[in-house]
Every structure is written in C-alpha cells, then in structure tokens.
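> In UniProt numbering, the protein residues as written are 1 to 375.
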Amino acid sequence: MGDEGPETLNILMRIMRRPWGRDWAIACALALSVFTTAATAQQRLAAPPRATHPMDALTISEVARAVALIKAAGFADARARFPTITLQELPKAQVLTWRPGQAFARRAFVVMRDQGRTFEITVDLTAGTVTRPELRPGANPNMILDEWLIARDLTVKDPRWLAAMKQRGITDLKKVSCSPLSPGYFTNEPYGDRRVLKVPCYELETGTSHLYGRPITGVFAVIDVEEKRVLDVIDLGVVALPPQPDPRRVTRAALKPVQMTSALGRNYKISGALQVEWDNWSFHMRMERRVGPVISLVRYNDRGNRRLIAYQMSLSEMFVPYMDPGADWSYRTYMDSGEFGAGFLMSSLMAGSDCPADAAYITMAVPNDTGRSFP
Numbered sequence: 001m002g003d004e005g006p007e008t009l010n011i012l013m014r015i016m017r018r019p020w021g022r023d024w025a026i027a028c029a030l031a032l033s034v035f036t037t038a039a040t041a042q043q044r045l046a047a048p049p050r051a052t053h054p055m056d057a058l059t060i061s062e063v064a065r066a067v068a069l070i071k072a073a074g075f076a077d078a079r080a081r082f083p084t085i086t087l088q089e090l091p092k093a094q095v096l097t098w099r100p101g102q103a104f105a106r107r108a109f110v111v112m113r114d115q116g117r118t119f120e121i122t123v124d125l126t127a128g129t130v131t132r133p134e135l136r137p138g139a140n141p142n143m144i145l146d147e148w149l150i151a152r153d154l155t156v157k158d159p160r161w162l163a164a165m166k167q168r169g170i171t172d173l174k175k176v177s178c179s180p181l182s183p184g185y186f187t188n189e190p191y192g193d194r195r196v197l198k199v200p201c202y203e204l205e206t207g208t209s210h211l212y213g214r215p216i217t218g219v220f221a222v223i224d225v226e227e228k229r230v231l232d233v234i235d236l237g238v239v240a241l242p243p244q245p246d247p248r249r250v251t252r253a254a255l256k257p258v259q260m261t262s263a264l265g266r267n268y269k270i271s272g273a274l275q276v277e278w279d280n281w282s283f284h285m286r287m288e289r290r291v292g293p294v295i296s297l298v299r300y301n302d303r304g305n306r307r308l309i310a311y312q313m314s315l316s317e318m319f320v321p322y323m324d325p326g327a328d329w330s331y332r333t334y335m336d337s338g339e340f341g342a343g344f345l346m347s348s349l350m351a352g353s354d355c356p357a358d359a360a361y362i363t364m365a366v367p368n369d370t371g372r373s374f375p
C-alpha cells in the first residue's frame, strides 16, 4: 500500500475477501485517504448529513427516501430487496460547470429484486418522483444477504449433506461453517436460469481464527434461493481434512512501536463530504457499495492552471478464477465487485495498527438490501 510518510493522506481499505484494494489504490496514485468506523482516531469525520457536492454519495436519509418513494408509488412491498442504491450522476457538463454554493439535483439509481425479477428504477430525490420500474429479463443483481442466509441454512438441514458429513466423521455441526458462493457460469449445468448459490463448508475443530483453514473438500450443495430449495448435493468422495495445525502462539516479544507524525500539522485538507487537497493535487471521493472508492475530478494545480487529470476513476471488476478443474473448485470464478460488492465487504481500520498516526478516519455509510445504511 502506498505510504509516503506524514505528508500523505492515505487511502487504506481492508477487503474481507482478498487484498485487491492494494493494487487498485496504487494504480489510482492519488487515492490516499482513510475510510473506517474506528473510534480511536486523531481525526474522525462523521458521515455527512447532506450532500454538498454533485458527486457526493447518497446520504443515509437519501437512501431511505429513495426506497420510501418507491414503496409509496406502489412499486415495491416488504418482500422487495434493493441490492443497488447508488448516486445517479448528473451529466458531466453540469458537474464540470458547477461551483460551490450552487444548487444541484439529486437522483438515485436503484436495482430492485422482487419475486424473481430484476428491475431498474430512477428516483428524483429533489422532485420526489419515481420512474416506472423497467424490467430487465434474465438480469441478475449481486448477491443479496437474505439469499446467503437461505443457502447456508438449507444446506445444513439437508439429509444428503448430513449423510456426507457423517461419512466424513463430522457429527457436531457447531464445528462446521458454510459459506455460500456465486455459482460460476457453465452452459452444461442443469440449473438453467435459476438463481443458485453453491455452498462449500469448513471444519472449525482447530479453534483458530482462520475460517478457511480446513475445507471439507469434495462435497458442496447447490441451492435455488428463489424457490428456497436444495437442488443437489454434489459428493465427489471423501477427501481427508488438512492436518491439525499447531495452535497460534506468540513467538517473541514485539518491538517498540514506531509512529510517523506531522509535527507541524497535516499537509492535506478535507472539506465538504470528501473533497481532498494535498500539495498541488485535489480530488473528490465517495464510497459505493459495488465498486468501493470512487475518485472524481482529479486536478493538478500547474502554476495556477488547475488541469483536469481524470474525471472519474473506480474499480471496474476483479475477476478471480481459481483455475482448479475439480467440480468443487472450478465454479469459483468470483467477480468480487459485481457479485459481492467491494464497498459492501469493506471493514473498519484500526488506529495504531492499520494506518499512520496522522491519518484521517471517515465514517462511510453503505446501503444494505432493504434501504437502510450501515457505517
């Protein structure tokens, strides 16, 4: 992760699945800010109550208002889920000519999943109006938390899966953790257009903090999350569990801590929701559920000429095929952004552990599937 000492504003993210965020941040070059909900920071900025810039992320109240307007218009009820609630950006020309203090419209783009169908909706938050939902036949949004829970719970109750565990000598299900995954795309599978998840499981006998250390290889369940039904339990035969590792223990005393500080004060400035200035550089940033950090309006002050270097930058996708031909591994071809959500999987940073002493910590609100937001 790019860390250039006390004069930098560091963008540090921890993604629960894998450290692709490091490569992305380095490629951005300017993305040097800290996002977290940690409470023990020298400088902590709360999630903004209102938007002050056209490119600001939707606020907590705007997310809730978008869903409330959709329901009030009769387009959704309690069964509907909203895997995408994000800023509907204004036209580029309007954004570039906007100046601080000027009014600007606010719109939300919403993807709704309801009774096995996917809809796209635009909500004008300023006018309080909603476009009629546009059906997207065959489209599947990213994984929804309810689906993950359904797949996990159905797996551990299925008689075929229970028999497979017993065959492997596993009878105490408290020592088993199942983690539903996206199914991959294979034209030769019998599941057709069903919305399915595939569920591998892991044995937790060791008591270590590494969830994936002892995979129960050779068996997984296939769940239709719309019908809430186990379609299949694929059992390729018993494979011995990995050997028990040595318990984690401290091998030696830690060295004295080293801190980098800005004795004369920070060289960066944060204003508004998240407008950053550092040296001759300036940029706007927001956090989105799917792509994570979005960096906009990157400018360089070249002797008074504030040159526009990039209008907007963000993660496009992170495709991670595991490349194992076995049936219980070949489907693991994750699209981390589109299937799971880079921003959704963001976790908090710890002061004194993850970031330099002079880092700024910013609470970011990310929408969940029901229209609420969590920091």
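We put the beta carbon where it would ideally sit given N, CA and C, even for glycine.
Small disclaimer: the values here were computed from a predicted structure and weren't measured.
If the criterion is Cβ atoms closer than 8 Å, does the pair residue 197 and residue 233 meet it?
The answer is no: Cβ separation not under 8 Å.
> Taking the beta carbon of residue 257 as the centre, do at least 16 other beta carbons fall within 10 Å, making it buried, or is it exposed?
Exposed: under 16 other Cβ atoms inside 10 Å.
> In whole angstroms, give me the CA-to-CA distance for residue 364 and residue 135.
So the alpha carbons of these two residues sit roughly 31 Å apart.
> Give me, in chain order, the residues of the same chain whose beta-carbon lies closer than 8 Å to that of residue 152; leave out the 5 immediate sequence neighbours on both sides.
Correct list, in chain order: 178, 179, 180 and 199.
> Which runs of the alpha helix (DSSP H) at least 4 residues long sit entirely within the UniProt domain "Copper amine oxidase N3-terminal" (142–234)? Give them in chain order.
Listed in chain order, the complete alpha helix (DSSP H) runs (minimum 4 residues) inside the UniProt domain "Copper amine oxidase N3-terminal" (142–234) are 145–155 and 159–167.
> Restricting to Cα atoms, I'd like to know which of 98, 318 and 310 is closest to residue 291.
Minimum Cα distance to residue 291 is reached at 318.
> If you run the structure through DSSP and keep just helix, strand and coil, what is residue 333?
Strand, per DSSP.
> How would you write the range of the beta strand (DSSP E) that residue 97 sits in, first residue to last?
Careful: residue 97 lies outside any beta strand (DSSP E), inside the alpha helix (DSSP H) at 92–97.
> Taking only three categories from DSSP, how would you classify residue 360?
Residue state, collapsed to three classes: strand.
> According to DSSP, which residues form a beta bridge with residue 112?
Note: residue 112 sits in a beta bridge opposite 119.
> Using DSSP bridges, identify the partner residues of residue 268.
DSSP lists 278 as partners of residue 268.
> Between which two residues does the beta strand (DSSP E) carrying residue 291 extend?
Looking at the DSSP string, residue 291 is not in any beta strand (DSSP E), and its letter there is neither H nor E.
> Given a cut-off of 8 Å, decide if residue 123 and residue 108 are closer than it, judged by their beta-carbon atoms.
Yes; because the gap between Cβ atoms is below 8 Å, this pair is in contact.
> Is residue 210 buried or exposed, if buried means 16 or more other CB atoms sit within 10 Å of its CB?
By the neighbour-count rule (16 or more Cβ atoms within 10 Å), residue 210 is not buried but exposed.
> Using alpha carbons as the reference points, say which of 222, 201, 221 and 162 lies closest to residue 213.
Selected option, being the one with the closest Cα: 201.
> Taking only the alpha-carbon atoms, compute the straight-line gap between residue 74 and residue 99 and give it to the nearest angstrom.
Each residue's alpha carbon lies about 37 Å from the other.
> Please work out which residues of its chain come closer than 6 Å, Cβ to Cβ, to residue 231, disregarding the five sequence neighbours upstream and downstream, and give them in chain order.
Only 222 and 224 meet the Cβ criterion.
> Whose C-beta lies closer than 7 Å to the C-beta of residue 52 among residues of the same chain, with five residues either side of it excluded?
Result list for residue 52: 272 and 273, in chain order.
> Could you tell me if residue 347 is buried or exposed, where buried requires 16 or more neighbouring beta carbons within 10 angstroms of its beta carbon?
Its Cβ having fewer than 16 others within 10 Å, residue 347 is exposed.
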